[in-house]
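*Asks:* What follows is a structure written as structure tokens; I'll ask about it next.
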Amino acid sequence: MKGIRYLWLLALAAVIAAPLPAAAEYPDRPITLVIPLGAGGSHDLHARGITGIISDIIGQPMVVKLVPGASGMKGTGEVAKAKPDGYTLLFTHNAFDQLRPQTVDVPFDTLKDFKTVARINFGQPILVARADRPYKTVDEFIAYAKANPGQVNFGHSGVWGATHIPTVQLLKSAGIKVNLIPHKGGGPLLRAILSGEDDIGFLFATQTRPHFKAGKVRVLGVAGDTPIPNDPDFGNVPTMASLGHPDVAFTMDRIFMAPAGMSDKDLQYLRDSFEQLIDNKSFQRFISSIGENVMFMRGEEYDKLRPVRYESYTDLIESVK
Amino acid sequence: MFESFVQGLDLLLRWEIYFYISLGLVVGMFVGAMPGLTTVLAMAVLLPISFNLEPMLGIPFLIGVYKGGIYGGSISAILVGIPGTGASIATTFDGPALTRQGKARKALEMALFSSTIADFISDVATLFLIALIAMIILMIGPPEVFAIIIFSLILIASVSGESGLRGGIAALIGLGLGFIGTDAVTGATRMTFGIDALAGGIPLIPLIIGVFALPEILEAVETRTKTFIEENVDLSKAGQRLHWHEFKGSIRTILRSTAIGTGIGMVPGVGQVVAAFVGYSAAKRASKSPEKFGKGELDGIAGPEAANNAVNGPTLVPLLTLGIPGDNVTAILLGAFVAHGIRPGPQIFEEQGALIYALLLAIIMANVLFIFLGYILLKPFAKAIQVKKAYLIPIILALSFVGTLSTGVASDLVIMVVIGICAYVLRKLKFDLAPLVIAFVLAEPIEYRLSQSMLYARGDIFGYLFIERPIASVFLIAGIVWIAWMIFGPWIRRRFRQQGA
């Protein structure tokens, strides 16, 4: 008897719920957020905090789905193929968005198939060398590398990854030859620098900090034209632009993307929602607890930058061929 | 240092800590027991919960999920021959055989005791030797990892004992499958036959379920047996507990595997899967009755289970002392640390000494808790296997599909089914598929570590491996000596006997 009563309730619920989706405003059901990276990285960590807070703003849960593989192209391709109804979004970074699709065959056209919802912040790669190496500045390093061509082991976190790009930019700008060593991510790269297998490499502030404080590594310069804001340890590190290498400009932008076919109204709604997120107190608390900054940029603004960056990467890829 | 240790002890005197550890252990155990649902996934989903707890509760909670999950993976490995994670593949050699003999509960308890004891010892060793382990980790670079994997493979192959040719072919297939996807060194896509779904390579979970679960299900349907357990086995005995004399016989194996696992835990990136295989191989080699292995030997459970859990202690060291996570699990833990404002790194014991000691002690206590919890919770699992096969098979099949889909990628399901059908055919042709899986798992690290070593070597790879890297050369030479002994050993022994006569 009890079972029958429940069935009746269920049927009633279905009748009430069924007409709702057609009438309701976007979003009326959970949104899937695809991250083309593995568990435990900085994107995963950002997303775990952001999805909890943005859900309160848009009134629907945002569910993280990790789709790593093929250097980010697997997850990116999945969102490109998804229905552009705004229920599948992508949380990625600019190397996957603007560079990587140029180096392999992908079943989408990144500039045409995606639009930016928001840039949350960016990470600036820092040039880090082991403390016992005979160079203390970028200029000294370049002079050393010129005197010993191919002898410096220069580590990076994987081909066309977030620390490989500034590496290639520096090699091109300074005109030096080194022994490039690939690693599977920033962690193994840091281990190789600490153990002395690698001499130098680009790392990010969070992972570098404890070893810098312990005196194991030296920081030589930071990519880009602005120093890292509000950073107690690395705020005074000279920028590559100030040292005469303005082309060493790669920063890892953490960006939320949507399929380009999404309706303008819904996209504007998402962009506004993310702008609200930035003013949210618990979001600000979360970001500072993980040691990051908020460097917000609206999607429309960022979409203007993408084609320019895309072309500069085309030149960079050509230069190493 | 001693002072912060005592302060750490003080932090442990709260019942909530043990509540959250227990909660994590139980959740992890159930997730791990579902084929295809991984511990990593469970931890990633539960990570935000730990953000809202204070560090002394949230982090032990996640560690509970991890430890419970690893053990849960061996439950399905023992009962139905489907490893829940890569770490329990070696447990499928003897586990299902024991289940069919009506010894499911004994096997589950052996797995529980060997896992928790090994984990306990390895965690205690880690607590006291953390500075030494941190030093060793910096000495093990790409060439050493390459040498250790090769040495482990030689050890594993030397005792596998099955038809050498078929094992070799299976291993080659595994290598081939492992090379599909993206070349990690150059970033180029290769061997995908133009299929986009393969661009990221074949994922491990669909492969494991395809290789182990589907053929098992197909064969069960084919044989139309009523229950999973052999017909002549008295079902009332299926719930029999492990006896002391049975456990006593495996103590040596547990200790040996603990040492192996703790050692392999210091090697970044290979971890539990390799440790389990090496632990099994070493147990078989040392056994007085190696012929019983693979046919239902309790020592064949203790070997891999102790080894894969002993890995846990040392994997925490690079996380704590360098801030470098060695795998996905420790990467999620790093996220939890960072979100709580704890910065792992060289000064962590100076800055947060009491907290870190308290956490390490909580990890040790989790093992003790788990012995009791597991002992109570095992009964329903052991009983579950008595369900009629007509019910059990569809449930396992459904769980396998759900597990594979838990990654959320529909193409993984197709990959799983295709691999499953191929695996079924290979099994019919009497191929042993364990070499296929281990070769698949190790294909990528072998290739990657060798490529890195060659870049460091700048052309002279032999000089680099054997002269510049002494630790690598020790393992490579030991491997070569081992092969030589396997080939010429019997001949030399015969010569000596003849001379003596």
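Protein chains in written order, with our numbering: chain A, 1348 to 1668; chain B, 42 to 542. Built from N, CA and C at the ideal position, the CB exists for glycine as well.
1) Bridge partners for Ala1605/A per DSSP, in chain order?
2) Which whole-angstrom value is the C-beta distance of Phe1469/A and His1390/A, which I expect to be below 8 Å?
3) Between Glu1544/A and chain B, is there a C-beta pair that is closer than 8 Å?
4) Please list the residues of the region 1437-1453 of chain A that have a C-beta atom closer than 9 Å to any C-beta atom in chain B, keeping them in chain order.
5) Are the C-beta atoms of Ile1637/A and some chain B residue less than 8 Å apart?
6) Chain B beta carbons: is any one of them nearer than 8 Å to that of Ile1401/A?
7) Between the region 1414-1427 of chain A and chain B, which residues of the former have CB atoms less than 8 Å from a CB of the latter, in chain order?
8) Can you grab the Cα-Cα spacing for the pair Gln1623/A / Ile1404/A, in whole Å?
9) Since Ile295/B is in the beta strand (DSSP E), which residue starts that stretch and which ends it?
10) Does the CB of His1390/A have a neighbour CB from chain B at under 8 Å?
11) Closer than 8 Å, Cβ to any Cβ of chain A: which residues of the region 469-491 of chain B, in chain order?
12) Helix, strand or coil: which one does DSSP assign to Ala1476/A?
13) Would you call the region 510-520 of chain B and the region 227-247 of chain B touching, i.e. three or more CB-CB distances under 8 Å?
14) Nearest by alpha-carbon distance to Arg1477/A: which of Thr1398/A, Ala1394/A and Glu1544/A is it?
15) Which same chain residues, not among the five before or five after Leu490/B, have their C-beta less than 6 Å away from its C-beta?
16) Three-state secondary structure (DSSP) at Asn353/B?
17) Hey, would you say Ile249/B sits closer than 8 Å to Val81/B, going by beta carbons?
18) DSSP has Pro1496/A in a bridge; who is on the other side?
19) Compare the C-beta of Asn369/B against all C-beta atoms of chain D and say whether one is closer than 8 Å.
20) For the beta strand (DSSP E) containing Ala471/B, name the first residue and the last one.
21) Taking a cut of 8 Å between CB atoms, which residues from the region 1554-1565 of chain A lie near chain B?
22) Step through the CB atoms of chain A and report whether any lies within less than 8 Å of the CB of Thr223/B.
23) Is the shortest distance between the beta-carbon of Leu496/B and the beta-carbons of chain A less than 8 Å?
24) Can you tell me where the beta strand (DSSP E) with Lys1412/A in it begins and where it stops?
25) With DSSP run on the structure shown, which of helix, strand or coil describes Val308/B?
26) From this set, Phe253/B, Thr227/B, Asp501/B and Gly69/B, which residue's C-alpha is nearest Thr466/B's C-alpha?
27) For Ala372/B, which residues in chain A fall below 7 Å Cβ to Cβ?
28) Is DSSP giving Asn1583/A helix, strand or coil here?
29) For Ala1607/A and Met1642/A, what's the separation of their Cα atoms in angstroms?
30) Is there at least one Cβ from chain A nearer than 8 Å to Ile177/B's Cβ?
31) Measure the C-alpha to C-alpha separation of Ile191/B and Ile487/B and round it to an integer number of angstroms.
32) Contact check, Thr230/B vs Ala1417/A under 8 Å by CB: the rounded distance?
33) Since Phe1630/A is in the alpha helix (DSSP H), which residue starts that stretch and which ends it?
34) Listing by chain order, which chain A residues have their CB less than 7 Å from the CB of Asp237/B?
35) For a cutoff of 8 Å on Cβ pairs, would you count Arg1632/A as touching chain B?
36) Give me the Cα-Cα distance between Ser1659/A and Glu1647/A, rounded to the nearest whole angstrom.
*Replies:* Taking the definition as stated:
1) Looking at the DSSP output, Ala1605/A bridges to Lys1462/A.
2) Under the criterion of beta carbons closer than 8 Å, Phe1469/A and His1390/A do not qualify as touching, at roughly 12 Å.
3) Closer than 8 Å to some Cβ of chain B, the Cβ of Glu1544/A qualifies, so yes.
4) For the region 1437-1453 of chain A, the set of positions with a beta-carbon nearer than 9 Å to some beta-carbon of chain B reads Arg1447, Thr1450, Val1451, Asp1452 and Val1453 in chain order.
5) The C-beta of Ile1637/A comes closer than 8 Å to at least one C-beta of chain B.
6) For Ile1401/A, the closest Cβ of chain B is not nearer than 8 Å.
7) Going along the region 1414-1427 of chain A in chain order, one finds Val1414, Pro1415, Gly1416, Ala1417, Ser1418, Met1420, Lys1421, Gly1424 and Glu1425 with a Cβ nearer than 8 Å to chain B.
8) If I take the Cα positions, the gap works out to 8 Å.
9) First-last for Ile295/B: Ile292 to Ile305, but that is the alpha helix (DSSP H), not the beta strand (DSSP E).
10) Not an interface residue.
11) Under the 8 Å Cβ criterion, the region 469-491 of chain B contributes Tyr489.
12) In the three-state scheme derived from DSSP, where H, G and I count as helix and E and B as strand, Ala1476/A is classed as strand.
13) With a cut-off of 8 Å on Cβ pairs, the region 510-520 of chain B is not in contact with the region 227-247 of chain B, counting fewer than three such pairs.
14) For Arg1477/A, the nearest C-alpha among the options comes from Glu1544/A.
15) In the sequence as displayed, the identity of residue 490/B is Arg instead of Leu. For Arg490/B, the CB contacts under 6 Å within the same chain, skipping 5 residues up- and downstream, are Pro183, Val186 and Phe187 in chain order.
16) If DSSP states are grouped into helix, strand and coil, Asn353/B belongs with the helices.
17) It is not a contact, given that the beta carbons lie outside the stated cut-off.
18) Looking at the DSSP assignment, Pro1496/A forms no beta bridge with any residue, so it has no partner.
19) Within the model displayed, chain D is absent; protein chains A and B are what it includes.
20) Contrary to the premise, residue 471/B reads as Lys rather than Ala in this sequence. Neither: Lys471/B is in no beta strand (DSSP E) and is coded neither H nor E.
21) Answer in chain order: Gln1554, Arg1556, Pro1557, His1558, Lys1560, Ala1561 and Lys1563.
22) It does: the Cβ of Thr223/B has a partner Cβ on chain A nearer than 8 Å.
23) So, interface residue.
24) It spans Met1409 to Leu1413 - the beta strand (DSSP E) in which Lys1412/A sits, taken as one unbroken run.
25) Val308/B falls in the coil class under three-state DSSP.
26) Checking the sequence, you will find Val at residue 466/B rather than Thr. The candidate whose alpha carbon is nearest that of Val466/B is Phe253/B.
27) Within chain A, the residues near Ala372/B are Ala1386, Gly1387 and Gly1388.
28) Here Asn1583/A sits in coil by DSSP.
29) Using only the alpha carbons, I get a separation of about 24 Å.
30) Not one chain A Cβ lies under 8 Å of Ile177/B.
31) Our two residues, Ile191/B and Ile487/B, have alpha carbons roughly 8 Å apart in a direct line.
32) Indeed, because the Cβ distance is near 7 Å, the residues count as touching under 8 Å.
33) Its alpha helix (DSSP H) spans residues Lys1628 to Ser1636.
34) Contact annotation for Asp237/B against chain A: Gly1424 and Pro1454 [CB-CB distance below 7 Å, chain order].
35) Against chain B, the CB of Arg1632/A has no partner CB under 8 Å away; the residue lies outside that interface.
36) For Ser1659/A and Glu1647/A, the gap between their C-alpha atoms comes out near 20 Å.
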